[in-house]
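Novice: Take a look at the following structure, please.
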Amino acid sequence: MKLAILSATLGAACAFAPSSTSSIKASSSLRMSETETPVAEAPVSIEEEQEVVAPEVPAVAPINGWVPDASLPLYGLPGATAPFGFFDPLGFSKGLQLTGAKRVREAEIMHGRVAMMATIGYLIGESTPTITYGMNVHHTIANNQIPEVPGTVLFPFFLAINIIEALRASIGWVEPGLGPVFTLRESYYPGDIRFDPLGFKPKDGKDFENMQNKELNNGRLAMLAAAGMCVQEQINGKGILENLGF
Numbered sequence: 026m027k028l029a030i031l032s033a034t035l036g037a038a039c040a041f042a043p044s045s046t047s048s049i050k051a052s053s054s055l056r057m058s059e060t061e062t063p064v065a066e067a068p069v070s071i072e073e074e075q076e077v078v079a080p081e082v083p084a085v086a087p088i089n090g091w092v093p094d095a096s097l098p099l100y101g102l103p104g105a106t107a108p109f110g111f112f113d114p115l116g117f118s119k120g121l122q123l124t125g126a127k128r129v130r131e132a133e134i135m136h137g138r139v140a141m142m143a144t145i146g147y148l149i150g151e152s153t154p155t156i157t158y159g160m161n162v163h164h165t166i167a168n169n170q171i172p173e174v175p176g177t178v179l180f181p182f183f184l185a186i187n188i189i190e191a192l193r194a195s196i197g198w199v200e201p202g203l204g205p206v207f208t209l210r211e212s213y214y215p216g217d218i219r220f221d222p223l224g225f226k227p228k229d230g231k232d233f234e235n236m237q238n239k240e241l242n243n244g245r246l247a248m249l250a251a252a253g254m255c256v257q258e259q260i261n262g263k264g265i266l267e268n269l270g271f
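Each residue of the sequence shown is one higher than the one before, counting from 26 in this note's numbering.
This is the structure we're talking about:
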C-alpha cells in the first residue's frame, strides 16, 4: 500500500516538472529562427555600380601640332631628319627638362635665321652698291666693313636690332621676376614670333613640321657657311666672290 502511494506521488510530481528535451528543442528552434531571419539589403542602383570614367586630357595642349613627348629626343621637336636623324654627339640635350629643351631649340633656330641673313649679307655687302660705298662694288671685305661704316648709319641699324629683340623677348620669354630666369612661356613654340606677313605658315601640324625641318636644315647649313666665309676672309683677305674668281 505504501509503495502504491509513493508511486502515485512521484508520478504526479513528474507531471509538473519541465521537460529537458522540450526546452532544448525550444531553445534550438529559437536559435534557428534567429539565424534564419533574412536581413533586408538596401537596393543598389545601376548608376552606383557603374564607374565614371573621365576622358583623358593631354597634359600640354598641342602647339602648332606638337605635343611634348618625354620619350622622344628633345621632347619630339622637329629637326631629326635623314641621313643623321637626331644628331647630338656632345649630348647637349641629355637630361633637359621641357623648358630647357625649348630654350635649346629657340637658340638653334634663331642663330640659324641670323646665319642665313649673314650669308646673304656677306655676298651683298661685298659685291653690290651700298649706302656706305656707293656704286663702287670693289670695296672692303665684310669682316673689315664695320669699322669703316659711319656711326650715323650704325646707330639706326643697332637700334632696330634692339627693338626687334625686345619684341621677340616679350612674346616668347617670361618676364624677369615673374618666373625662373631664361624661361620660355608654356604656350610659346620655339621660334614662332607670329611674324608671317606673306602667310607662309601652314595650318596643318604635319605641314608645319615639314616646313620647320626645312628651316632648321637651311639654318644649320647657313651657320656653317657663315663661319666658313669669316675664316676664309681672315686667312687670305679676299672677298667671297673674289676668292671664287668673280
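Cβ atoms here follow ideal geometry from the backbone N, Cα and C, with glycine treated the same way. Model, not experiment: these values are computed from the prediction.
By DSSP, does valine 256 sit in helix, in strand, or in coil?
Specialist: If DSSP states are grouped into helix, strand and coil, valine 256 belongs with the helices.
Novice: If proline 215 and isoleucine 134 are in contact, beta carbons under 8 angstroms, what's the gap, nearest whole angstrom?
Specialist: Right, their Cβ atoms sit about 6 angstroms apart.
Novice: Mind checking whether glutamate 151 and histidine 164 have CB atoms under 8 angstroms apart?
Specialist: Yes; because the gap between Cβ atoms is below 8 angstroms, this pair is in contact.
Novice: Tell me whether arginine 130 is buried or exposed, calling it buried when 16 or more other Cβ atoms sit within 10 Å of its Cβ.
Specialist: It is buried - the Cβ of arginine 130 has at least 16 other Cβ atoms within 10 Å.
Novice: Could you check the C-alpha separation between threonine 124 and aspartate 217 for me, to the nearest Å?
Specialist: So the two alpha carbons sit approximately 15 angstroms from each other.
Novice: Using the Cα positions of leucine 269 and threonine 155, report the straight-line distance between them to the nearest angstrom.
Specialist: Approximately 21 angstroms, taken between the alpha carbons.
Novice: Does DSSP classify glycine 176 as helix, strand or coil?
Specialist: Glycine 176: helix per DSSP, three-state reduction.
Novice: Select from Ala250, Met254, Ser96 and Asn242 the residue whose C-alpha is nearest the C-alpha of proline 108.
Specialist: That would be Asn242, whose Cα lies nearest to the Cα of proline 108.
Novice: Here's a check: name, in chain order, each residue in its chain whose Cβ is nearer than 6 angstroms to the Cβ of glutamate 81, leaving out the five neighbours to either side.
Specialist: A caution first: glutamate 81 carries a pLDDT of 48, below 50, which makes its placement in the model too unreliable to give a value.
Novice: Could you check what DSSP says for isoleucine 134 in three-state terms: helix, strand or coil?
Specialist: The answer is helix: DSSP assigns isoleucine 134 an H, G or I state.
Novice: Among the residues of its own chain, which have a CB less than 8 angstroms from the CB of aspartate 229, if the five just before and after it don't count?
Specialist: Closer than 8 angstroms at Cβ, skipping near neighbours: Gly90.
Novice: Going by DSSP in three states, alanine 167 sits in which element: helix, strand or coil?
Specialist: Here alanine 167 sits in helix by DSSP.
Novice: Quick check on this structure: which residue in Pro87, Ser118 and Ala167 has the alpha carbon closest to the alpha carbon of leucine 99?
Specialist: Leucine 99 has its Cα closest to that of Ser118, out of Pro87, Ser118 and Ala167.
Novice: Taking tryptophan 198 as the reference, which of Cys255, Pro103 and Lys127 has the closest Cα?
Specialist: Comparing Cα positions, the closest option is Lys127.
Novice: Taking the alpha helix (DSSP H) that glutamate 267 falls in, what are its first and last residues?
Specialist: That run of the alpha helix (DSSP H) goes 265–268.
Novice: Looking only at DSSP bridge pairs, what is leucine 209 linked to?
Specialist: Answer is Trp198.
Novice: Would you call the CB atoms of proline 103 and asparagine 238 closer than 8 angstroms?
Specialist: Contact: yes.
Novice: So, helix, strand or coil for glycine 159, using DSSP?
Specialist: In the structure shown, glycine 159 sits in a strand (DSSP, three-state: E or B).
Novice: Answer with buried or exposed for leucine 209, where buried requires no fewer than 16 other C-beta atoms within 10 angstroms of its C-beta.
Specialist: The residue in question, leucine 209, is buried, as its Cβ has 16 or more Cβ neighbours within 10 Å.
Novice: With a 10 Å radius around its C-beta and 16 neighbouring C-beta atoms as the bar for buried, classify threonine 144 as buried or exposed.
Specialist: Counting Cβ neighbours within 10 Å, threonine 144 comes out buried, since at least 16 surround it.
Novice: Return the CA-CA distance between glutamate 234 and glutamate 240, expressed in angstroms with no decimal places.
Specialist: The alpha-carbon atoms of glutamate 234 and glutamate 240 are separated by roughly 10 angstroms.
Novice: Determine which residues share a DSSP beta bridge with threonine 106 and list them.
Specialist: Per DSSP, Gly110.
Novice: Should isoleucine 260 and tyrosine 147 be called a contact, given that it needs their Cβ atoms to be closer than 8 angstroms?
Specialist: Taking 8 angstroms as the Cβ cut-off, isoleucine 260 and tyrosine 147 do not qualify as a contacting pair.
Novice: State the Cα-Cα distance for the pair methionine 160 and proline 181, rounded to the nearest angstrom.
Specialist: Rounded to whole angstroms, methionine 160 to proline 181 spans 22 angstroms at the Cα level.
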